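J.:
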Amino acid sequence: MEQLKQDQVTEKLLTVLSKHLKFADDPQAIPMDKPLDELGLDSMGAVNLLLDLEDSFEISFPGSLLSEDTFKTAANLHKAVASLV
Numbered sequence: 012m013e014q015l016k017q018d019q020v021t022e023k024l025l026t027v028l029s030k031h032l033k034f035a036d037d038p039q040a041i042p043m044d045k046p047l048d049e050l051g052l053d054s055m056g057a058v059n060l061l062l063d064l065e066d067s068f069e070i071s072f073p074g075s076l077l078s079e080d081t082f083k084t085a086a087n088l089h090k091a092v093a094s095l096v
């Protein structure tokens, strides 16, 4: 996959993320620092989100990034995804 720019990573991440958050329909309205569980992400949703992110970005999350902290906020997810693309 071609190298994505930071703003492209952010836009794509928020679009994917919005499909998995029960309380966030608009990708642009997702607060980067709000806990994702408060936006409707549960444990099963996190697994589905992980798979969707891996497919969308053509990446594979290493075990070291499969943590509660990685999936705590959109900002944490952004940092993880950006480090892999």
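For the sequence shown, position 72 matches number 83 in the numbering used here, and the numbering has no gaps at all. Even for Gly, the Cβ is constructed at its ideal location relative to N, Cα and C. Bear in mind that the values here come from a model prediction, so they are computed numbers and not experimental data.
When we look at the beta-carbon of Thr-26 and count the other beta-carbons within 10 Å, is it buried (16 or more) or exposed?
T.: In the sequence shown, residue 26 corresponds to position 15, counting from 1. Thr-26 is exposed by the Cβ-count criterion.
J.: With distances taken between CB atoms, is the gap from Thr-84 to Asp-53 smaller than 7 angstroms?
T.: Residue numbering aside, residue 84 sits at position 73 when the sequence shown is read from its first letter. Residue numbering aside, residue 53 sits at position 42 when the sequence shown is read from its first letter. Their beta carbons are not under 7 angstroms apart, which means Thr-84 does not touch Asp-53 by this criterion.
J.: Do you know offhand how far Leu-32's Cα is from Leu-47's?
T.: Position 21 of the sequence shown holds residue 32. Position 36 of the sequence shown holds residue 47. Near 8 angstroms, if we compare the C-alpha coordinates of Leu-47 and Leu-32.
J.: Just to confirm my understanding: we take Gln-39, look at its own chain, exclude 5 residues before and 5 after, and list those with CB closer than 8 angstroms. What are they?
T.: Counting from one through the sequence shown, the residue named residue 39 turns up at place 28. Cβ within range, chain order: Leu-25.
J.: Can you have a look at Gln-17 and say buried or exposed, based on whether 16 or more other CB atoms are within 10 angstroms of its CB?
T.: Residue numbering aside, residue 17 sits at position 6 when the sequence shown is read from its first letter. Looking at its Cβ environment, which holds fewer than 16 other Cβ atoms inside 10 Å, Gln-17 is exposed.
J.: Within 10 angstroms of its Cβ, does Val-92 collect 16 or more other Cβ (buried), or is it exposed?
T.: Looking up residue 92 in the sequence shown gives position 81. With 16 or more Cβ atoms within 10 Å of its Cβ, Val-92 is classed as buried.
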